[in-house]
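Reminder that position 346 of the sequence shown reads as 348 in the working numbering, one-by-one numbering, no gaps.
Notes follow the structure.
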Amino acid sequence: MQEFTSEVRPARPNTFLYAVGIFILVAAALLVYAYYHRRGGAAPQTAEASPVQGLVRPGNPNFEYYKNKVRLTDVKAQLGINYAKSRIAIISGTIHNEGDRRLEALELHLALFDVYDKLSKERTATPLRPGVGIKRPREPMEKRPFTIWIEPIEQLWNPRNHGPQVPVTVPEGKGQRAKGKRIFCTFAFFLLPFSFLACGRHKLGPDELERNRLFAEILKREDRRTAGDDEFFPTELERSPHPEVREWCAIALGRIGDPRALPWLYRGLRSEYASVRAAAAFGIGEIEDRATLEAEGREVDPGAPREIAAALDDPAPGVRMRAMEALGKLGGPAEAALLLRYLGQISYRGGPAERTHFGLAITALQRLNQPAAVPYLERLAQEPDPELQWRVADALYRMRARAASATLARLLQSSDPDVRAHAARGLGICEDPELAAALLPLVGAGSPLPVRVQAVAALGNLKDRRAVSAIRAALEASPIGPANPDSVNFAVVAAGALASIGGPEAEQAVVPLLGCEGPVANAALVALARLCGGDARFFRLTRDVRLASPTATRAWAQALGELGGGESISRLEDLLSAGGAETAAAVPAIVSALARARAPRLDALLDHFLRSGDGVAVRAAIAAYRPEDGVREPWRKLIRAYAAFAPRNDVETKAAIAGALARWAAESEVQAALGVMCHDRERGARIAAGRALRSARVAGVPDDPGPAESTMTDLTYDVIASQRKERTLALVE
């Protein structure tokens, strides 16, 4: 092959034509922007907006589903200046609907923190609303970007510290639509004089071209969850002249999760670059995470705790932090003792870096969940830093450290609402009714909503009937409705707490909530069923209830399942036979309720839904499927259900079938079916099938479930690599 070269004479760019072209593009963008806003485009929202009706909130039977299926990625914050010279924060990211239901509306609560990690600004926004702008509802498995403006912003706000938090309210409005146009125009014309800088050509150097090529290859393998059969990863991790390439390799190996990568990452812990050592510790923690091992049916690699423990002596703080994090994921009692010895040698002085360091330590101790860590956490709670205090209270709650009630009661007196909220939640697990006296003053409207919600939930756990009057007074103190979302959130949790406390007084406090709208009435239905305990008076108290939405139908089905008895079973069966869109959406709840109520003809009903081909209904039937011991070959229904789903992209249903078959994994017919599932197109199904086979001690199950399917092309990886979007690999900062 011959290569011919000739001298290239640089052409003089026609600046005038470039200017005209850019001006036309900017003008077109402004026209499109104005056109869609006249049609009701999704402008930045203000606090005067009317709430979105029918949002699923804590206490609603479907809240956990959406909480687990709606995900935010690539969230970032930028700082800007508006036309009035005020600082504005621009928060953007991508919303993923990973469930099998449409997402009509989504509410986000955002909090901005200054350079001292103090709260600077809060905003609740609704980036997705029904009937607003050109944004249609999110279909299942769809993702779309969002952008939210927050203004004005204090001078001390740090754009690196931002984060969407739990949805609370739903404000939106039109007051800033014109302002949004003016801000857009200001930015567009301000950038116009500098746009000529982008008209030149930049020739990439050999090093940059090589890094782009390697980054694209790393991205492709990480996205497809495969380390490959070649020496790409071990070679680049150990010998690449680019430290960032080594770091990308270590993080990608952790995300892939292939245990074959552990020896490579152990060597990465000895790299001369601190960032590579930190990334290697992160990768080891991801691969050997206890939850991952349980999901895949693997045993912990004996070298992992030893290698990570040695990294606690690393001179770089970033490496030590990632080592602590990894120990929390993979360790046991010995690693908890080692971590406590390490923490006993350092003290907290209150700086931002130390706050991060100790925050990771608290999380690691909470994950290890060893009683020996409780005294240390209680001592750490004595530090006068609210950030540490609420993290300690949260860890004590998650560890079920009932012996720490004195520390939690002291934190309940904090001036910081986050500390009080987490302390109240922790007191709820301490099983001491005498603690209710400290929680009663917090349920009133004078406390912030998170504190009220956690206090009333804790009172429900303590089951002290003296709390009923205080809860009822708090419910009656302010109107409950869409115009007062705080009262709605409180009432939903209060209904569940009253049901836990029980008694005639609690029932009298719940009954008025049936007359409210939406989630409050739904929560009251379920609470009343728990309070009635099979008594027919439930139907008398709920005779005026109207099921006006699928959510209400699901709540009604759940209530009937809680109530039990022949009348409940009859009404559930009538609900199924009625048909209609609302009933179809409530089928999983009805099936679960029938199983809970022990319906006599349940097996025939489950068989019908296992044959239905509807993923949601099939998963509900699998969850309720409990065949008696005398049934012959009960696994055949599940194998038949998998045959219908094998060619489809429904990893949740396939994994549910594999998990149900694990009960009979010792049977040869089941092993054959699981062996077929080990070659399913969905990686998650292959992992579930492999776990089921390992549970029966079947030999020859591969450790690596193989690569995942991906819709991305090699060209897409090249484009991402050229734009240097390192955040796609969750790089360790």
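Glycine included, C-beta positions come from ideal geometry on N, C-alpha and C.
- Residue nearest to R556 within the set T128, L271, P590, P506 is P590 (criterion: CA-CA distance).
- In the structure shown, P265 falls within a helical segment according to DSSP collapsed to helix, strand and coil.
- Residue environment analysis places I26 among the exposed positions, since fewer than 16 neighbouring C-beta atoms fall within 10 angstroms of its C-beta.
- With fewer than 16 other Cβ atoms inside 10 Å of its own Cβ, R381 counts as exposed.
- Scanning the region 532-563 from its first residue to its last, the whole alpha helix (DSSP H) runs of 4-plus residues come out as 539-543.
- L370 places its beta carbon less than 7 Å from that of A338.
- Inter-residue distance for T655 and W637 is about 15 Å (C-alpha atoms, whole angstroms).
- Sequence-distant partners of A687 (beyond 5 residues in either direction) whose C-beta falls short of 7 Å from its own C-beta, in its chain, are V653, K656, A657, A660, M679.
- Going by beta carbons, P132 and E106 fall inside the 7 Å limit.
- Judged by DSSP in its simplified three-state form, L271 adopts coil rather than helix or strand.
- A straight-line Cα-Cα distance of about 12 Å links G504 and A496.
- DSSP, read as helix, strand or coil, puts N491 in helix.
- Separation of R427 and G23 (C-alpha to C-alpha, rounded to the nearest whole angstrom) is 60 Å.
- Inter-residue distance for F148 and P487 is about 23 Å (C-alpha atoms, whole angstroms).
- Annotation for T149: the continuous beta strand (DSSP E) segment containing it runs 144-152.
- Taking C-beta atoms under 8 Å as the contact rule, A395 and V376 fail to qualify, at a distance of about 12 Å.
- In the three-state reduction of the DSSP assignment, T75 falls in the strand class, which pools E and B.
- By the C-beta criterion, the region 714-726 is judged not to be in contact with the region 697-705, since fewer than 3 inter-stretch pairs fall below 8 Å.
- Buried is the label assigned to D291, since at least 16 other Cβ atoms lie within 10 Å of its Cβ.
- Membership of Q372 in any alpha helix (DSSP H) is not indicated, and neither H nor E is assigned to it by DSSP.
- Sorting A690, Q372, E249, P354 by C-alpha distance to the C-alpha of V321 places E249 at the top.
- Taking A523 as the centre and dropping the five residues before and after it, the same chain places the C-beta of L516 closer than 6 Å to its C-beta, in chain order.
- Burial check for T126: the Cβ neighbour count within 10 Å reaches 16 or more, so the residue is buried.
- Residue burial is scored here from C-beta neighbours: A439 has fewer than 16 other C-beta atoms within 10 angstroms and is therefore classed as exposed.
- The beta carbon of A508 sits closer than 8 Å to those of R467, V470, L500, A501, L533, all from its chain and outside the five residues before and after it, given in chain order.
- T365 and M323 do not touch by the CB rule: their CB atoms are close to 11 Å apart, not below 8 Å.
- DSSP lists L114 as the beta-bridge partner residues of K123.
- Secondary structure remark: continuous alpha helix (DSSP H) runs of at least 4 residues inside the region 695-724, in chain order: 716-724.
- Just measuring C-alpha positions, the residue of E141, L271, D682, G563 sitting nearest L314 is L271.
- For A511, the enclosing alpha helix (DSSP H) starts and ends at 506-512.
- Shown here for D260: same chain residues with a beta carbon closer than 6 Å to its own, the five before and five after excluded, namely A229, D706 in chain order.
- For A526, same chain residues with a beta-carbon under 6 Å away, outside a window of 5 residues either side, are A497, V512, L515, L516 in chain order.
- Residue nearest to R257 within the set E309, V278, I289, L413 is I289 (criterion: CA-CA distance).
- For P265, the closest C-alpha among the options Y68, E309, I253, E296 is that of E309.
- Remark: C-beta atoms of L362 and E389 do not approach each other more closely than 7 Å.
- For I431 against R404, the beta-carbon gap comes to about 6 Å, under 8 Å, which counts as contact.
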